[in-house]
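Reading through the structure tokens given below for one structure.
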Amino acid sequence: MALCNFNPNLWGFPLQGLSKSQEFGCFSLPEFPTCSKAKRFGFCIRAKFSETQPGKVDGSYGATVKRKEIKKVRKPEHHLWKKNDSAGSGQKALNLVRIISGLPNEKEAVYGALNKWVAWEVEFPIIAAAKALQILRKRSQWHRVIQVAKWMLSKGQGATMGTYDTLLLAFDMDERPDEAESLWNMILHTHTRSIPRRLFARMIALYAHHDLQDKVIEVFADMEELKVRPDEDTAKRVARAFRELGQEEKRKLVLRSVQ
484 MALCNFNPNL
494 WGFPLQGLSK
504 SQEFGCFSLP
514 EFPTCSKAKR
524 FGFCIRAKFS
534 ETQPGKVDGS
544 YGATVKRKEI
554 KKVRKPEHHL
564 WKKNDSAGSG
574 QKALNLVRII
584 SGLPNEKEAV
594 YGALNKWVAW
604 EVEFPIIAAA
614 KALQILRKRS
624 QWHRVIQVAK
634 WMLSKGQGAT
644 MGTYDTLLLA
654 FDMDERPDEA
664 ESLWNMILHT
674 HTRSIPRRLF
684 ARMIALYAHH
694 DLQDKVIEVF
704 ADMEELKVRP
714 DEDTAKRVAR
724 AFRELGQEEK
734 RKLVLRSVQ
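This is the structure we're talking about:
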């Protein structure tokens with residue numbers, strides 16, 4: 484019994500010039516309408532152009548061949564400039580602190596050393612600079628903190644609330660309330676809706692430290708306008724300012740608001 488009948492006129496064209504796979508499509512299976520019957524003879528005729536899983540291709544007569552994935556090996560890139568290495572930022576920060584600690588307090592000398600420090604960097608070493616700023620802060624080298632922070636901001640780098648907080652503290656400890664006020668006005672104008680409570684607290688503490696009670700009240704008024712609730716220490720400083728200005732009722736209201 485024949486497995487299949489060959490019908491040369493099935494598709495209405497001659498088979499001359501066709502490949503074997505194309506000729507295979509011209510067979511019909513009248514006696515075996517289903518593939519399950521053909522399996523009794525040890526094979527199943529499959530459609531040549533069936534869908535396969537991604538990464539596989541169909542060979543002739545239903546055979547499935549796995550495609551080998553070829554991974555391209557990237558050639559190592561060579562840079563004339565040093566790469567930004569965040570892992571070595573701690574050592575870079577220490578080197579910067581060592582360099583500027585031995586310099587005179589002249590702006591030109593310090594800025595020149597800082598510019599030389601970043602001359603061969605691909606990107607501005609913001610992590611190392613921020614760490615150097617924290618090291619100087621811990622060592623209470625407030626004048627150097629101010630110099631490094633101002634230099635960073637002049638380069639368009641480090642304009643964060645953390646940098647502003649450190650710089651305001653340095654202005655406070657270095658007896659520069661006027662410069663602190665200028666910086667605060669810039670922050671208030673630029674970042675009105677995103678100033679954190681700790682920065683308001685820093686500015687109120689600075690004014691209270693320099694006995695500028697009217698300035699304390701001004702900052703507190705900005706807090707109320709922006710609906711920033713003061714912490715307990717800040718509220719006590721504001722209450723003290725109201726008391727010294729002879730506004731007892733407002734002092735009581737402030738203390739009551741944090742109870």
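Take the sequence shown: its position 36, counted from the start at 1, is 519 in my numbering, and no numbers get skipped.
Cβ atoms here follow ideal geometry from the backbone N, Cα and C, with glycine treated the same way.
For Ile-609 and Asn-578, the gap between their C-alpha atoms comes out near 14 Å. In the displayed model, Glu-604 falls within a strand according to three-state DSSP. Using a 10 angstroms sphere on the CB of Val-737, the tally of other CB atoms reaches 16 or more, which defines it as buried.
Rounded to whole angstroms, the separation of the alpha carbons of Ala-722 and Lys-735 is 7 Å. The alpha carbon of Asn-668 has as its nearest neighbour, out of Pro-713, Ala-688, Asn-598, Tyr-647, the alpha carbon of Tyr-647. Residue burial annotation: Lys-621 is exposed, with fewer than 16 other C-beta atoms found within 10 angstroms of its C-beta. Fewer than three Cβ pairs drawn from the segment 592-604 and the segment 640-657 lie within less than 8 Å of each other, which leaves the two stretches out of contact.
Distance between Glu-658 and Leu-616, taken at the CA atoms: about 19 Å.
Secondary structure at His-674: coil, using DSSP grouped into helix, strand and coil. Under the 10 Å beta carbon count, Asp-655 is surrounded by 16 or more other beta carbons and is classified as buried.
When secondary structure is reduced to three states using DSSP, Ser-623 falls in the coil class, being assigned neither helix nor strand. Taking the Cα positions, Asp-705 is about 27 Å away from Ser-637. Taken through DSSP and simplified to helix, strand or coil, Lys-590 comes out as helix. For Gln-574 and Ile-582, the gap between their C-alpha atoms comes out near 12 Å. Non-local C-beta neighbours of Ser-623 in its own chain, meaning closer than 8 Å and more than five positions away in sequence, comprise Met-656, ordered along the chain. Take the alpha-carbon of His-672 and the one of Leu-682: they are about 14 Å apart.
Here Leu-695 carries a coil assignment [DSSP, helix/strand/coil].
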